[in-house]
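Have a look at the structure below before the remarks.
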Amino acid sequence: MLYELVRKSRSYRRFDESFLIEEATLRELIELARLSPSAANRQPLKYRLVTDPAVRAAVFPTLRWAGYLKTWPGPAEGERPTAYIIILGDTTITRNFGIDPGIAAQSIMLGAAEKGLGGCIIASFDQAALRQALELPERFELLYVLALGKPVEQVVIEPVGPDGDIKYWRDEQQVHHVPKRSLDELIV
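Next comes the structure, spelled out in structure tokens:
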């Protein structure tokens, strides 16, 4: 059921690094993005798939992890993503990518959840360092990094408290808590 798939598709940031994701699996996820809607059907997105350990190691330090967790530097060795999909905008097709990257990222993440995988859509990263690590031509705008793997953390959705604070947090057992506004609050 779609509802359960959406509930299961959380932002996971810790993974079982011994569980390797094959490039064939990433290609299946890109197929979902390929079939997703595209503004004016321009289809300007391209994807860089990363499974090679050396390239993964070069990508990892360019990423910014969990802005609300100020003292957490990101996943430790053994808990890092085992694959990345970098969503690129091809500027030879258009310079305005509109909503396409978000639609593609969500399609990919739902497909990952269906396969028992998880990930995090990362928009905060060192653009120049990532471009250099992946040897990407200037014609590609770096839009999102999807960090993927087999999740090893529990993510709990809970109501926003009376103080209205929406910042996610971790408890002593490293359970990741994500406050969500109520349905009634969202409907105007």
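For the sequence shown, our numbering assigns the number 15 to the initial residue and increments by one for each residue that follows.
Virtual Cβ for every residue (Gly too), placed ideally from N, Cα, C.
Please read these numbers as outputs of a predicted model, since none were measured by experiment.
Less than 7 Å between C-beta atoms, sequence neighbours within five positions excluded: which residues of the same chain meet that for V174?
These residues qualify, in order along the chain: I180, P193, K194 and R195.
Examine chain B for any beta-carbon lying closer than 8 Å to the beta-carbon of V166, and answer yes or no.
The structure shown contains no chain B; it is built from a single protein chain.
Is it right to say F111 is buried, meaning 16 or more other beta carbons lie within 10 angstroms of its own, or is it exposed?
buried
The alpha helix (DSSP H) with R41 in it runs from where to where?
E37 to L49
Opposing strand residues paired with I100 [DSSP bridges]
R62 and V159
In terms of residue numbering, what span does the beta strand (DSSP E) encompassing P193 cover?
H190 to K194
Tell me the rounded alpha-carbon separation between T76 and P89.
Cα atoms of T76 and P89: separation of roughly 13 Å, rounded to the nearest angstrom.
For S23, does the three-state DSSP call read helix, strand or coil?
coil
Within the region 65–125, note down every full alpha helix (DSSP H) run reaching 4 residues or more, in order along the chain.
67–73
Can L34 and K60 be called in contact, C-beta distance under 8 Å?
no
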